[in-house]
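Each remark here refers to the structure printed beneath this line.
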Amino acid sequence: MSRVCELTGKKAMVGNNVSHALNRTKRKFNANLLKKRFYIPEEDSWITLKVSASALKTINKIGISAAIKEAKSKGFLK
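Note that the sequence shown covers residues 1 to 78 in UniProt numbering.
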């Protein structure tokens with residue numbers, strides 16, 4: 001399964017490790033993802049999502065229903 005946030009679409013970035021001698025080697029910056037279960041009161045069901053830490057803060061702020069609706073409108077969630 002890919003390391004992509006299901007609500008925001010965040011995924012790994014590519015960058016460089018830079019040593020003290022300024023040698024550069026490729027590396028990945030992975031998104032801070034968590035697998036989390038959420039209760040949706042409208043549907044009276046639980047849903048498991050792989051979300052980033054920033055998406056979790058957004059859910060706490062606007063609620064799971066609004067966050068899912070926003071993700072569906074942006075095309076990140078089916």
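A virtual CB, placed ideally from N, CA and C, is assigned to each residue, including glycine.
CB contact flag (residue i, residue j, <8 Å)
i	j	result
L7	A53	no
L33	R3	yes
N23	A12	no
N16	K28	no
K36	V51	yes
I40	S65	yes
Simplified DSSP state of residue i, which is helix, strand or coil
i	result
T58	helix
F72	Note that residue 72 is Lys in the sequence shown, not Phe. K72 falls in the helix class under three-state DSSP.
S52	strand
S2	coil
Residue span of the beta strand (DSSP E) that contains residue i, given as start and end
i	result
G15	M13 to V18
L33	L33 to I40
K78	Element bounds for K78: n/a, residue is neither H nor E.
residue 80	Any property of residue 80 remains undetermined from this structure, which presents the chain solely from 1 to 78.
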